[in-house]
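Quick notes on the structure that follows.
In this note's numbering, the protein residues as written are 6 to 143.
Structure follows, in C-alpha cells:
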C-alpha cells in the first residue's frame, strides 16, 4: 500500500520564495515588454493603434513591484548580501529614472531594460544564495 506524503510546513513555500519568484517574473516580464513589444509594434504598425498602453502603466508597475523588490533586497542585506542589495537598488533606480527623466523613447527602452535585467539578476542571485544546495551538482 502506498503511503501518501503530507506536506509539512518545512516543505511549504516560504513567503520570501513566493515573493522572490514573483519579483523575478515581474522583472523578466518588464524586460520582455521593453524589448519585444517595440519590435512587435515596429513590425506591425497597425497593431500599435489598437494596443495603445497608457504611460501611467509603467508608473503603476514600478509602484506595485518596487516595494516587494525592496522588501526582498533589504532582507538580503540583513543576511550580509550587500552586493545583491546594491545591484537591485541600481535596477530599481534605473526603472524609476526611465519614468521621470526627459529621455527619448529609445533611451527609455535602454534604461528600463538595463534596470529590469539588474533587478532580475539581483533576485536570482538572492534566491540562489538562499538555496545554495541548488548550485551543487551531484
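Glycine residues also receive a C-beta, built at the ideal position from the N, C-alpha and C atoms.
Computed from a predicted model, the values in this text were never measured in an experiment.
Next on the checklist: Given this structure, state the Cα-to-Cα distance separating residue 21 from residue 29, to the nearest angstrom.
Outcome noted: Residue mapping note: residue 21 aligns to position 16 of the chain shown, counting from 1. Residue mapping note: residue 29 aligns to position 24 of the chain shown, counting from 1. If you take the alpha carbons of residue 21 and residue 29, they lie about 12 Å apart.
Next on the checklist: Using C-beta distances below 6 Å, list every residue in its chain close to residue 103, excluding the 5 sequence neighbours before and after it, in chain order.
Outcome noted: As a first step, residue 103 must be located in the chain shown, where it is residue number 98. Counting only Cβ-Cβ distances below 6 Å, and skipping sequence neighbours, we find 113, 116 and 117.
Checklist entry - Looking at C-alpha atoms only, which residue of 126, 131, 121 and 48 is the closest neighbour of residue 37? => result Here residue 37 is taken as the residue at index 32 of the chain shown, counted from 1. Selected option, being the one with the closest Cα: 121.
Checklist entry - Which residue from 67, 34 and 107 puts its Cα closest to that of residue 94? => result As a working note, residue 94 is residue 89 in the chain shown. Checked all of 67, 34 and 107; the closest Cα to residue 94 is 67.
Checklist entry - Among 70, 133 and 85, which has the Cα closest to the Cα of residue 100? => result Locating residue 100 in the chain shown gives position 95, where the first residue counts as 1. When only C-alpha atoms are compared, the closest one is 70.
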